[in-house]
Amino acid sequence: MVTVVAIAMITVSLNTSIRADEDSLVTFKVLKPEIALELAQATMVDCRKKGYQVAVSVVDRFGILQVTLRDRFAGTHTPETARRKAWTAVSFRTDSGEISRLIKDGELSPGIRHVPGALMLGGGVRVEAAGTMVAGVGVSGAPGGPADEACARAGIEAIADKLPF
1359 MVTVVAIAMI TVSLNTSIRA DEDSLVTFKV LKPEIALELA QATMVDCRKK
1409 GYQVAVSVVD RFGILQVTLR DRFAGTHTPE TARRKAWTAV SFRTDSGEIS
1459 RLIKDGELSP GIRHVPGALM LGGGVRVEAA GTMVAGVGVS GAPGGPADEA
1509 CARAGIEAIA DKLPF
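Taking the numbering used here, I'd label the letters of the sequence shown as residues 1359 to 1523.
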């Protein structure tokens, strides 16, 4: 009996080791810095056309900051707010405005608001390419989350031809 168990454990161990070797590396895609900058600039241009002075942040798929731009009259709080919105979108894999709505509707626990660094306000949007999240963009300074989000979506649309779909 002990021999059978030992053989079974060795077999499982060997199979796990083989699978672990096959799965020990992962590949992923992120925006090149030039495209992240272009996204931030296009987002800011759209907000300016609408008369808004904003800050825009782009983070990679892991929430690491790639670009932040602040328009000259945007509030001093806006760069950090934009970064946190972008981070929230990629960290929770859901646009920040949608998270806010889900909390309001009781579909998500309000306790999620206390996650360090998260900001559940509209304006943080995921950037996807070929079905994979590659970045997040956050906007702060327009009059309300929906306006921030509209600028972010316009920025994403401006770089869409550079992303595989």
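Every residue gets a Cβ at the ideal spot worked out from N, C-alpha and C, and that includes glycine.
Here the structure is a predicted model, which means the values were calculated and not measured.
Query raised in the report: On the three-state DSSP scale, how would you describe S1467?
Result: coil
**Report entry** Span separating the alpha-carbon of P1501 from that of D1381
**Finding:** 46 Å
Query raised in the report: From which residue to which residue does the beta strand (DSSP E) around L1427 run?
Result: 1423 to 1428
Query raised in the report: In chain order, what residues of the same chain have a beta carbon less than 8 Å from the beta carbon of S1478, not counting five sequence neighbours either side?
Result: Reading off the sequence shown, one finds Met at residue 1478, where the question assumed Ser. Correct list, in chain order: T1446, S1454, I1457, S1458, I1461, I1470, R1471.
**Report entry** DSSP state of G1494 mapped onto helix, strand, coil
**Finding:** strand
Query - Beta-carbon separation (whole angstroms), G1513 vs D1429, contact threshold 8 Å - result: Actually they are not in contact, since the Cβ atoms of G1513 and D1429 sit about 14 Å apart, beyond 8 Å.
Report task. State buried or exposed for L1389, treating a residue as buried only when at least 16 other CB atoms are found within 10 Å of its CB. Result -> buried
Query raised in the report: Skipping 5 residues on each side, what residues in its chain have a beta carbon closer than 6 Å to that of A1400?
Result: G1513, A1516
Report task. Between the Cα of T1426 and those of R1442, F1420, D1463, spot the shortest distance and give me the residue it belongs to. Result -> R1442
Requested in this report: Let me know the secondary structure DSSP gives G1482 once reduced to three states.
Outcome: strand
Requested in this report: Using three-state DSSP, classify V1417 as helix, strand or coil.
Outcome: strand
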